[in-house]
Structure formats: C-alpha cells, structure tokens
C-alpha cells in the first residue's frame, strides 16, 4: 500500500469536516521531523487543504508549540498573505500562543498583520479571533490600545451578535484598571 502524503490525506470530503486532520497531527507529533511536510500544505491550491492545515497547526501549537517557532518568519511573510479567512483566524490564535517566542521585529510584524485583519476583514471569525489577540496584547501596550479602541467601539455595534459581544468584552478588558498604562 502506497503511503499517502499529508496533502493527499487532507484533501476531499465535506469542506467543513476535519477529514484526516487529527491523524495527520498525531503523525507529526510522533515524528516531528515531518512538520515541514505539513507546513508545506499551506502552499496547496486546495482551500480545504489549507483550512485543515490551519486546524492542524492550532492542534500542534497546543501540544508542542516549539515545532512552529522555526516557521514564524514563514507564518509572518508567506502564510499571512494567503487570502483565506481560515488562515487569518488561525494566525491570530497562533500569534497569541507564540508571542513569547517572537523577536521584537516579529511581534511588530504580527501586530501589523492583525491590525490589517481587524481593519479590513468581514469574516466574523477573523474579527473575533483578532480582537481576542489584539485586546490581550493591548493590555500591556498603550500604543496598541489607543489604536485598537476605535475599532472595538465600532465593532460593538456590529449586527452580528458574536462580533458585537466580543468587541464589548474586549473593551471591558481594556478599560479595567488592571490594563497597564
């Protein structure tokens, strides 16, 4: 029986299903040297493969985030340019998890990417995940907080309940006395 590569294993089935994602994650966690093969699936022409790759990245980051650290520059410089909402909401989550592993330049670039997402995205999941990460970072970054507040104020009136509620929660987090000046 021919061994199938990760891209083949992440292809097909219902677009909203995980497909073989969990098994691929398990394979990478057992053989971390295969992480690059999975990461390369971001270069697939298939949107479903890229969605499942993003899901796999989140799962791997929870279990062994050190595998992603050498790929931070590629996440920032290549993956962030993929015009697909599932990629962008995943980046917001990955950047939050990898913040302590980023250099100053990488963190500045991650903030720039997420600012662009919150300013231009229409996808509710992208907005919610980006608000989560930026509002958490803004608790310790007064400049980011000043930049973010007008967006959160606008999004609290969004017609989508989840976006509105997330904006309100983020505003509350940033206006509490515990947010550093």
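Residue numbers (the working numbering): 110 to 290.
Where a beta carbon is used, it is the ideal one built from N, C-alpha and C, also for glycine.
What you are looking at is a predicted structure, and each value in this text was computed from that prediction instead of being measured.
> In chain order, what residues of the same chain have a beta carbon less than 6 Å from the beta carbon of residue 183, not counting five sequence neighbours either side?
Replying inline: Numbered from 1 along the chain shown, position 74 holds the residue referred to as residue 183. Hits under 6 Å: none found.
> Can the beta-carbon of residue 133 be found closer than 8 Å to that of residue 118?
Replying inline: The sequence position of residue 133 within the chain shown is 24, counting from 1. The sequence position of residue 118 within the chain shown is 9, counting from 1. Taking 8 Å as the Cβ cut-off, residue 133 and residue 118 qualify as a contacting pair.
>> Tell me the DSSP secondary structure of residue 128 in three-state form.
In response: Here residue 128 refers to the residue found at position 19 when the chain shown is read from its first residue. Coil at residue 128, not helix or strand.
> To the nearest angstrom, how far is it from the Cα of residue 231 to the Cα of residue 222?
Replying inline: Locating residue 231 in the chain shown gives position 122, counting from the first residue. Locating residue 222 in the chain shown gives position 113, counting from the first residue. Inter-residue distance for residue 231 and residue 222 is about 15 Å (C-alpha atoms, whole angstroms).
>> Using only the alpha-carbon positions, how far apart do residue 229 and residue 258 sit?
In response: Counted from its first residue, the chain shown places residue 229 at position 120. Counted from its first residue, the chain shown places residue 258 at position 149. Separation of residue 229 and residue 258 (C-alpha to C-alpha, rounded to the nearest whole angstrom) is 16 Å.
> Where residue 135 and residue 154 are concerned, what is the direct C-alpha to C-alpha distance, given to the nearest angstrom?
Replying inline: Reading the chain shown from its first residue, position 26 is the one you call residue 135. Reading the chain shown from its first residue, position 45 is the one you call residue 154. Going from the Cα of residue 135 to the Cα of residue 154 covers about 24 Å.
>> I need the straight-line Cα distance from residue 116 to residue 143, nearest angstrom please.
In response: By one-based count along the chain shown, residue 116 stands at place 7. By one-based count along the chain shown, residue 143 stands at place 34. Taking the straight line joining both Cα atoms gives about 12 Å.
> Is the CB-CB distance between residue 225 and residue 203 below 8 Å?
Replying inline: Sequence index remark: in the chain shown, residue 225 carries index 116 (1-based). Sequence index remark: in the chain shown, residue 203 carries index 94 (1-based). Contact flag unset, no.
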